[in-house]
Amino acid sequence: MIATPENELYKPGTVLLAGAGPGAVDLLTLRCRDAIVAADVIVYAGSLVNPAVLDYAGSDCVIYDSAGMTLKEIVTVMIAGVREGKKVLRLHTGDPAMYGAISEQINALQEAGIDCEIIPGVSSVFAAAARVGVELTLPEVSQSVILTRRAGRTPVPEREAIVDLARHRTTMAIFLSVAALSDLVGELLEGGYPDTTPVAVVYRATWPDEKIVAGTLADIARRVAKSAIDRQAMILVGEALSRQGALSRLYAGEFSHGYRVGK
Ligand SMILES: C[S@@+](CC[C@H](N)C(=O)[O-])C[C@H]1O[C@@H](n2cnc3c(N)ncnc32)[C@H](O)[C@@H]1O
Numbered sequence: 013m014i015a016t017p018e019n020e021l022y023k024p025g026t027v028l029l030a031g032a033g034p035g036a037v038d039l040l041t042l043r044c045r046d047a048i049v050a051a052d053v054i055v056y057a058g059s060l061v062n063p064a065v066l067d068y069a070g071s072d073c074v075i076y077d078s079a080g081m082t083l084k085e086i087v088t089v090m091i092a093g094v095r096e097g098k099k100v101l102r103l104h105t106g107d108p109a110m111y112g113a114i115s116e117q118i119n120a121l122q123e124a125g126i127d128c129e130i131i132p133g134v135s136s137v138f139a140a141a142a143r144v145g146v147e148l149t150l151p152e153v154s155q156s157v158i159l160t161r162r163a164g165r166t167p168v169p170e171r172e173a174i175v176d177l178a179r180h181r182t183t184m185a186i187f188l189s190v191a192a193l194s195d196l197v198g199e200l201l202e203g204g205y206p207d208t209t210p211v212a213v214v215y216r217a218t219w220p221d222e223k224i225v226a227g228t229l230a231d232i233a234r235r236v237a238k239s240a241i242d243r244q245a246m247i248l249v250g251e252a253l254s255r256q257g258a259l260s261r262l263y264a265g266e267f268s269h270g271y272r273v274g275k
């Protein structure tokens with residue numbers, strides 16, 4: 013095992029915020045695993061982080077599930093740990109940069125004079141694409157991906173309404189929205205996607221109980237309703253899911269680039 017030296021991971025007076033990946037334990041990064049091994053205190057998002065990743069923690073590690081805690085309680089635990097000279101790790105699902113609610117934690121820790129470092133993780137958007145077996149960017153079909161969500165209890169700025177984003181007809185990866193799938197489909201159609209557009213809904217990608225429901229905008233709501241998926245799902249939308257695009261120039265025989273002369 014190639015371990016990251018502990019002193020490179022945990023700097024004094026610093027909290028580590030890490031992405032624990034989408035679910036499967038072997039999709040932890042090596043750095044996240046090393047951070048778990050070395051931690052004295054772990055606060056993990058128990059609603060989505062696979063508790064099996066905690067098997068890497070030492071027997072003396074104190075572990076908190078943040079699912080039942082407020083921001084204030086989470087921050088208090090982390091500040092106390094750092095002040096006692098402990099190695100404190102906050103574990104988020106997927107990659108912390110997507111809907112991780114980390115800004116508010118970083119700000120509160122900074123107010124207490126504590127810095128944070130972030131370890132990236134495998135986001136559910138990429139785990140879902142892998143499980144469906146698709147590339148989200150297909151030449152001449154879609155070269156952009158919009159990562160977004162519908163408004164729920166957390167509002168979304170009006171200028172980012174799904175109907176407006178849908179006007180690009182690019183690939184979209186939609187988090188936190190499966191509970192309102194029928195409304196979402198209506199907005200995507202109103203925005204201009206044809207009803208033949210492929211859609212994949214991936215529930216708990218890479219977990220043992222993963223489910224994938226594939227269809228088009230015309231029938232996905234009905235199919236998902238039958239499967240009883242109403243949470244923890246990634247919604248991938250766009251023609252790129254059809255895999256019917258132009259060939260990439262990168263591997264075209266006549267195309268020269270820094271690593272190969274075209275023939
Ligand atoms: C609070 S967000 C956290 C996202 C996370 N930071 C990430 O990068 O995947 C939770 C939402 O992410 C998506 N999600 C997280 N893990 C998932 C998984 N294993 N399979 C499918 N969707 C997942 C779902 O849309 C879920 O409602």
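The sequence shown lines up with residues 13 to 275 when you count with our numbering.
Beta carbons are placed, not taken as given, at the ideal position from N, Cα and C, and that holds for glycine.
Cα-Cα separation between Ile304 and Val100, rounded to whole angstroms: Since the first residue of the chain shown is 13 and the last is 275, residue 304 is not available in this structure.
Continuous alpha helix (DSSP H) stretch holding Gly31: start and end: Position 19 of the sequence shown, counted from the start, is the residue given in the question as residue 31. Segment 26 to 31 is the beta strand (DSSP E) holding Gly31; no alpha helix (DSSP H) there.
Val157: CB within 7 Å of a non-hydrogen atom of ligand 1: Walking along the sequence shown from the start, residue 157 turns up at place 145. No, since every heavy atom of ligand 1 falls outside the 7 Å radius drawn around the Cβ of Val157.
Counted within 10 angstroms of its Cβ, other Cβ atoms place Leu21 as buried (16 or more) or exposed: Here residue 21 refers to the residue found at position 9 when the sequence shown is read from its first residue. Buried is the call here.
Sheet register partners of Met184 (DSSP bridge): Indexing the sequence shown from 1 puts residue 184 at position 172. In DSSP, Met184 forms a bridge with Ile158, Val249.
Length-filtered (4 minimum) alpha helix (DSSP H) runs lying within the segment 205 to 272: 232 to 239
Residue range of the beta strand (DSSP E) that includes Cys128: In the sequence shown, the residue the question calls residue 128 occupies position 116. Element bounds for Cys128: 127 to 131.
Gly106 CB to nearest heavy atom of ligand 1 below 7 Å: Indexing the sequence shown from 1 puts residue 106 at position 94. Yes - ligand 1 has a heavy atom lying nearer than 7 Å to the Cβ of Gly106.
Proximity winner among Glu129, Val61, Ile118, relative to Leu28 (alpha-carbon distances): As a first step, residue 28 is located in the sequence shown; it is residue number 16 there, counting from the start. Comparing Cα-Cα distances from Leu28 to each of Glu129, Val61, Ile118, the minimum goes to Glu129.
Extent of the continuous alpha helix (DSSP H) to which Arg143 belongs: Numbered from its first residue, the sequence shown carries residue 143 at position 131. Looking at the DSSP string, the run of the alpha helix (DSSP H) that includes Arg143 is 136 to 144.
For Arg161 and Phe187, believed in contact at Cβ under 8 Å, the rounded distance: Against the sequence shown, residue 187 aligns to sequence position 175. Against the sequence shown, residue 161 aligns to sequence position 149. The pair is a contact, with the Cβ atoms about 5 Å apart (cut-off 8 Å).
With 16 other Cβ atoms within 10 Å as the buried cut-off, status of Asn119: In the sequence shown, residue 119 corresponds to position 107, counting from 1. So Asn119 ends up on the exposed side.
Per-residue burial, Thr166 [other beta carbons within 10 Å of its own, 16 or more giving buried]: Here the question's residue 166 lines up with position 154 in the sequence shown. Thr166 should be labelled exposed.
Length of the line joining the Cα atoms of Gly80 and Gly257: Here residue 80 refers to the residue found at position 68 when the sequence shown is read from its first residue. Here residue 257 refers to the residue found at position 245 when the sequence shown is read from its first residue. Those two C-alpha atoms are separated by around 46 Å.
Thr218 versus Ser268: straight-line alpha-carbon distance, rounded: Sequence index remark: in the sequence shown, residue 218 carries index 206 (1-based). Sequence index remark: in the sequence shown, residue 268 carries index 256 (1-based). Looking at the two C-alpha atoms, the distance is approximately 38 Å.
Closer than 7 Å: Gly112 CB and nearest ligand 1 heavy atom: Along the sequence shown, one-based indexing puts residue 112 at 100. Checking every heavy atom of ligand 1 against the Cβ of Gly112, one is found closer than 7 Å.
Gly106 (DSSP reduced to helix, strand or coil): In the sequence shown, residue 106 corresponds to position 94, counting from 1. DSSP places Gly106 in strand when its eight states are reduced to three.
Cβ contact check for the segment 200 to 219 and the segment 25 to 45: 3 or more pairs under 8 Å: yes
DSSP-derived helix/strand/coil call for Leu101: Position 89 of the sequence shown holds residue 101. Strand.
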